[in-house]
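To start, the structure under review is shown below, and the notes come after it.
In my numbering, the protein residues as written are 131 to 805.
Below is the structure:
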């Protein structure tokens, strides 16, 4: 048994001895009460066999034989045995003889981990003072009280039996209560601590040592205890201990325990100081409870409440922005003369701001529908490359306005997905919009689509402001938004990423975010299940845009932004595209680099589209290429005039879906079949 056990046993207020469950019954621990009753010293008993330490060599003592039989019975049955009153004489400390002693013993088994009896608790009540008179308390003399009046013996025996019954019942209740307490301590994962006065050493159970990151065999004192408490909590804890000992106050404090390697856990300690009749403290003990999970929940609730408050403040700000010009326009219409030009201008203001408010309300309603599970998806088999191109086209005005450069990396493999096109475009458009908003002007955005096993992976990366480490785990939650500039130039309600996550999960996919921290840019990734049809290519080779062949395309437009925009969208669906702003560069293309398709703007200075088409047709190596006109006029006369040189006419702004279908037709049909 441990040092703590020895300390507890010797402090018990009754006579008890702890014996090995072995033939010699070696004495392991004794209580102070037992030493006093047996006229013994602890040093003379510990480690000696019981019957060697107490030979009881008097003719009238029958205790040793009966006691040995009881102890052997306890080992054999594993159950406690309560003995009758017995005489067992003890050595006289001041002489060579023996002192007559009468005892009421109980022997209690203590099982080991394997269930076998390991120790025996031998507990005795000293009845010598009751059963012996002054003249019969000698060394082996018959008690005068018994010889004087045999008539009193039945009443005395009845008294002893009644007391023994009460003792047994009390011990049974105490054992049951102790077992329940041990079970409650174990089930509640409670640490227990005990500190005898004066305050120095503390005795912790294994769970308490675990709470403080201490080894099970470590010895504990108050210096170690305070060293394991977080510096910010140390003085408050010390004050609570002192108040309990000095002012008899209850001890109830929360603090952080810190391991040498920096790990932390929150603990709550409850206890009290016990005092003797004179008011002096005798011990300080109690329990510890790990409340780390509770603290995490409290922190999460506080964070959620703060996010909600921030969102409501942001919503109020964003709604006031359009309300201000709407209110001013309404006041102006009421006050100023009804001039047609002013009315038209005010109408434009009202319409534009109303659309802005409508967009915000649509976002709020979208979030509400998603969180309540009321979104219905119109799923069909889609080419994810078309989804990427449509999202890029939708966000292009914002990208151009901020001067960003977009680079695309699109796989040539088949990238079909079963999904709702409108919702998936919304997902990618939200990611691209965030990248454009939170990247300083003239930044870089990379849009990539690749295949990873049975998943289609779309990533949007930027070199913008990045995401702080504490915000990163929460970026897809409602009401979460990064730090914004004082003028709130980015705008929005911070709902976009929550919608992204919800919509992707409705498509059985998942969304993730990563960032190197503030100023290090961000990467957002969407993974969707890849759809395979019965006759789909299992990846043996490169598939093509919209199921057709990937084309080499040259876009010619004197407007560099327009050329780049169209080229970027075409690259997003898997084509190889080169943009040119000078018509003469198109005429100078070498024979080995002639594209499959030229997309020519009509209204170019110097050499317009019609003239460029004529010259391309006149060159033998460029004559077979497909020519598509991109014009801002779109009148029938113009189309008729240039029909001989162009395979198709498209009117600005180009309908990208129509363009991709046209390119697919051109890829599958000989030149003479396309009209």
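Cβ coordinates follow ideal geometry from the N, Cα and C atoms, glycine included.
Remark: C-beta atoms of residue 480 and residue 458 do not approach each other more closely than 7 Å. Boundaries around residue 339 are those of the alpha helix (DSSP H), 336-341, since no beta strand (DSSP E) includes it.
As the crow flies, the alpha-carbon of residue 469 is around 12 Å from that of residue 477. Between the beta-carbon of residue 545 and that of residue 595 there is about 30 Å, and that puts the pair past the 8 Å contact cut. According to the DSSP secondary-structure assignment, residue 323 is paired through a beta bridge with 334, 416. Taking C-alpha positions only, residue 322 is separated from residue 247 by approximately 26 Å.
Beta-bridge partners assigned by DSSP to residue 707: 683.
Annotation: the continuous alpha helix (DSSP H) that includes residue 516 extends over 514-531.
Contact between the stretch 515-534 and the stretch 782-791 is established, with three or more Cβ pairs separated by less than 8 Å.
Residue pairing by DSSP places residue 179 opposite 156 in a beta bridge.
Under the 8 Å Cβ criterion, the stretch 554-561 counts as touching the stretch 629-646, having at least three qualifying pairs. Taking one beta carbon from each stretch, the stretch 696-704 and the stretch 529-543 have 3 or more pairs nearer than 8 Å; the two touch.
The C-alpha of residue 252 is placed about 14 Å away from the C-alpha of residue 175. A residue is called buried when at least 16 other Cβ atoms come within 10 angstroms of its Cβ; residue 729 meets this threshold and is buried. Residue 381 is classed as buried because its beta carbon has at least 16 other beta carbons within 10 Å across all chains shown. Residue range 535-540 is occupied by the beta strand (DSSP E) that includes residue 536.
When DSSP states are grouped into helix, strand and coil, residue 775 belongs to the coil group. Only exposed fits residue 749, as fewer than 16 other CB atoms lie within 10 angstroms of its CB. Under DSSP, residue 388 shares a beta bridge with 394. In this chain, the beta strand (DSSP E) harbouring residue 252 covers 247-256. Around residue 752, the same chain offers 724, 746 as residues with beta carbons nearer than 6 Å, after the five sequence neighbours per side are excluded. Residue 761 and residue 566 have their C-alpha atoms roughly 29 Å apart. When only Cα atoms are considered, residue 456 and residue 464 end up about 12 Å apart.
Taking residue 393 as the centre and dropping the five residues before and after it, the same chain places the C-beta of 343 closer than 7 Å to its C-beta, in chain order.
The residue among 695, 697, 685, 698 with its C-alpha nearest the C-alpha of residue 714 is 685. Between residue 775 and residue 689, the alpha-carbon positions lie close to 22 Å from each other.
Remark: C-beta atoms of residue 577 and residue 597 do not approach each other more closely than 7 Å. Contact between residue 642 and residue 602 fails: their C-beta atoms lie close to 10 Å from each other, not under 8 Å. According to DSSP, residue 237 shares a beta bridge with 211, 252.
Fewer than three pairs of CB atoms, one per stretch, sit closer than 8 Å, so the stretch 163-171 makes no contact with the stretch 209-217. Within the model, the alpha-carbon separation for residue 697 versus residue 711 is close to 12 Å.
Closest in C-alpha terms to residue 732, from the list 195, 324, 693, 708, comes 693.
DSSP, reduced to helix, strand and coil, places residue 356 within a helical segment of the structure shown. When 582, 533, 600 are compared, the shortest CA-CA separation from residue 574 is found for 533. For residue 217, DSSP records a beta bridge to 232. Here the alpha carbons of residue 254 and residue 161 stand approximately 11 Å from one another.
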